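Novice: Next up is a structure, given as structure tokens.
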Amino acid sequence: MFAYIIRRLLLIIPTIVGIMVINFAVINMAPGGPIDRFILEMKGSKALGERTGGTEGSEVRSTAPQPGQDTRAGRGLEKELRDRLARQLGLDKPLLERFYLMMRNYITFDFGESFFKGRPVVDLVVERLPVSISLGVWATLLTYLICIPLGIMKATRDGSRFDVWSSGVVIVGYAIPSFLFALLLIILFATGNFVKWFPLRGLVSDNFDSMTTLQQIGDYFWHMALPVIAMTIGGFATLTLLTKNSFLEEIRKQYVVTARAKGLSESRVLYGHVFRNAMLIVIAGFPGAFISILFTGSLLIEVMFSLEGLGLLSFDAAVGRDYPILFAALYVFSLIGLLTRLISDLTYMLVDPRIDFEASAA
């Protein structure tokens, strides 16, 4: 197993480099950039000053060139400004050199400084990452706590009305996008149009620091309730049907027939023999389920509920062309995903010693 872990860890290096190469190329080929944003902001500030900075009774000056006016000086000034900004931001170097320097620094988690926030990117990532992780962990736990008992009930009542009805509900829930379900929850429970039981935005209340420890825990879960429920809805179908099929497969095996023939009660057969074998694949899939929920639902949920997580940070960085934050978020998410996949494979090997990835690779 140790050799398998080493190989997988070494494989992470070319994989994450490949992911970053693709993202680096796509982002740099996209129109616009941080320099364009800087110039637009400077022009907007200048135009605002020209409209509002004159003395009383003075005529407002237009920023648009007048007919016959020579704008070559303005174009030269803008080019000079672009060159100066490119040198300051480190964007004047060739793409390959920029990528090499970025990856060299990323090995030591040196993400540089944000173009527009004026703070080290690593501080922003460390500050926002726990929000995204907590969303993924609670959503995954809630999914397992609901889907495993539901899957067992469906397996023991296979073909019944309950099985058919619950399958329809789970599939309909799976078909509803998490952001649409989040919007429904906000309208019903947070806006006050129907009831206002939950807060509309944020992770904690404004007076969080003045609360007692128990009040802070309650306030945290009060704010997390709707986002976690919205993220959970998409994972119901897969896990419920996986649990049901695993139990059905075990129930039909010969050792279950033998246990029943010995006179063991149905609950003893189900939870003493079937449960242990059927839950292997379900439990081992926990890391994979976590990373799936984290990547597919985190961004939109954080945006809709104004949660200061890594998904919202990367979205703002993409809109604002804040390259250091954007590439750091991609790097961190890719690293988490690759490590979680490794943990998922190792979990399979721990819960079922018959699985040997090392022998399969050989």
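Position in the sequence shown (first residue = 1) + 454 = the numbering used here. A virtual CB, placed ideally from N, CA and C, is assigned to each residue, including glycine. As the structure is a prediction and not an experimental result, all values here were calculated from the model.
1. Are the CB atoms of Y628 and A691 nearer to each other than 8 Å?
2. Could you check which residue in S760, L642, V591, I467 has the C-alpha nearest to that of F744?
3. Per the contact definition of three or more C-beta pairs closer than 8 Å, is the segment 458-478 in contact with the segment 781-788?
4. Is it buried or exposed for M398, if we count other Cβ within 10 angstroms and need 16 for buried?
5. Within this structure, are the beta carbons of I673 and S664 separated by less than 8 Å?
6. Return the chain-ordered ranges of every alpha helix (DSSP H) run that is complete within the segment 566-613 and spans a minimum of 4 residues.
7. Output the distance between the C-alpha atoms of F652 and A679, rounded to the nearest integer angstrom.
8. From G605, L639, R536, I587, pick the residue whose C-alpha is nearest to that of L695; which is it?
9. Are the beta-carbon atoms of V710 and E703 separated by less than 8 Å?
10. Would you be able to state if there are at least three C-beta pairs under 8 Å between the segment 628-638 and the segment 723-730?
11. As a quick exercise: from F643, P603, A457, pick the residue whose alpha carbon is nearest that of M733.
12. Would you be able to state if there are at least three C-beta pairs under 8 Å between the segment 760-771 and the segment 573-593?
13. Just tell me which of D490, S586, T597 has its CA closest to the CA of D537.
14. Going by the CB atoms, is the gap between C601 and T667 shorter than 8 Å?
15. Helix, strand or coil: which one does DSSP assign to G622?
16. With distance defined between alpha-carbon atoms, name the residue in W676, L545, V618 nearest to N452.
17. Contact check, L539 vs F492 under 8 Å by CB: the rounded distance?
18. How would you write the range of the alpha helix (DSSP H) that S824 sits in, first residue to last?
19. From which residue to which residue does the alpha helix (DSSP H) around Y554 run?
20. Check whether the Cβ atoms of L596 and V649 sit closer than 8 Å, and answer yes or no.
21. With distance defined between alpha-carbon atoms, name the residue in L796, S788, D776 nearest to P741.
22. Whose CA, out of G486, P468, M685, lies closest to the CA of L589?
23. Once you ignore the five residues that flank E593 on each side, which residues in its own chain have a CB closer than 6 Å to its CB?
24. For a test of the three-state rule: what should DSSP assign to F787, helix, strand or coil?
25. Under 8 Å, do L657 and A644 count as touching if we go by C-beta distance?
26. What residue range is occupied by the uninterrupted alpha helix (DSSP H) comprising P468?
27. Check whether the Cβ atoms of L754 and Y598 sit closer than 8 Å, and answer yes or no.
28. Please look up how many angstroms separate the CB atoms of D776 and P468, rounded, as I've assumed it's under 8 Å.
29. Between which two residues does the alpha helix (DSSP H) containing D673 stretch?
Specialist: Walking through what the data contain:
1. Numbered from its first residue, the sequence shown carries residue 628 at position 174. Numbered from its first residue, the sequence shown carries residue 691 at position 237. Result yes, Cβ atoms of Y628 and A691 sit closer than 8 Å.
2. Taking the sequence shown and counting its residues from 1, the one referred to as residue 744 is at position 290. The option with the nearest alpha carbon to F744 is V591.
3. yes
4. Because the chain here runs from 455 to 816, residue 398 falls outside it and cannot be looked at.
5. Locating residue 673 in the sequence shown gives position 219, where the first residue counts as 1. Locating residue 664 in the sequence shown gives position 210, where the first residue counts as 1. What sits at residue 673 in the sequence shown is Asp, not Ile. Not closer than 8 Å, so no.
6. 575-610
7. Taking the sequence shown and counting its residues from 1, one reaches residue 652 at position 198. Taking the sequence shown and counting its residues from 1, one reaches residue 679 at position 225. F652 and A679: Cα-Cα distance of roughly 8 Å.
8. Locating residue 695 in the sequence shown gives position 241, where the first residue counts as 1. Per the Cα distances, G605.
9. By 1-based counting over the sequence shown, the position of residue 710 is 256. By 1-based counting over the sequence shown, the position of residue 703 is 249. No, these two residues do not count as a Cβ contact at 8 Å.
10. no
11. As a position in the sequence shown, residue 733 is number 279, starting the count at 1. Checked all of F643, P603, A457; the closest Cα to M733 is P603.
12. yes
13. Working through the sequence shown from its first residue, we reach residue 537 at position 83. Among D490, S586, T597, the Cα nearest to that of D537 is on D490.
14. Working through the sequence shown from its first residue, we reach residue 667 at position 213. Working through the sequence shown from its first residue, we reach residue 601 at position 147. No, the Cβ-Cβ distance between T667 and C601 is not below 8 Å.
15. Working through the sequence shown from its first residue, we reach residue 622 at position 168. Three-state DSSP puts G622 in a helix.
16. Residue 452 lies beyond the range of the chain shown here (455 to 816); nothing can be said about it.
17. Sequence index remark: in the sequence shown, residue 539 carries index 85 (1-based). Sequence index remark: in the sequence shown, residue 492 carries index 38 (1-based). L539 to F492, Cβ: 6 Å. Contact.
18. Given that the chain is displayed from residue 455 to residue 816, the structure contains no residue 824 and the question cannot be resolved.
19. In the sequence shown, residue 554 corresponds to position 100, counting from 1. 549-560 is the span of the alpha helix (DSSP H), which, as asked, contains Y554.
20. Position 142 of the sequence shown, counted from the first residue, corresponds to residue 596. Position 195 of the sequence shown, counted from the first residue, corresponds to residue 649. Cβ atoms of L596 and V649: not closer than 8 Å.
21. In the sequence shown, residue 741 corresponds to position 287, counting from 1. Ranking the options by Cα distance to P741, first place goes to L796.
22. The residue you call residue 589 lines up with position 135 of the sequence shown. Per the Cα distances, M685.
23. On the sequence shown, position 139 is the one that residue 593 refers to. Correcting the residue type first, residue 593 is Ala in the shown sequence and not Glu. Answer for A593: V682, M685, T686, I747, listed in chain order.
24. Position 333 of the sequence shown holds residue 787. Here F787 sits in helix by DSSP.
25. Sequence index remark: in the sequence shown, residue 657 carries index 203 (1-based). Sequence index remark: in the sequence shown, residue 644 carries index 190 (1-based). Cβ atoms of L657 and A644: not closer than 8 Å.
26. As a working note, residue 468 is residue 14 in the sequence shown. From DSSP, the alpha helix (DSSP H) with P468 extends over 456-483.
27. Residue mapping note: residue 754 aligns to position 300 of the sequence shown, counting from 1. Residue mapping note: residue 598 aligns to position 144 of the sequence shown, counting from 1. No; because the gap between Cβ atoms is not below 8 Å, this pair is not in contact.
28. Here residue 776 refers to the residue found at position 322 of the sequence shown. Here residue 468 refers to the residue found at position 14 of the sequence shown. Not really, about 27 Å apart at Cβ, beyond 8 Å.
29. The residue labelled residue 673 in the question sits at position 219 within the sequence shown. It spans 667-686 - the alpha helix (DSSP H) in which D673 sits, taken as one unbroken run.
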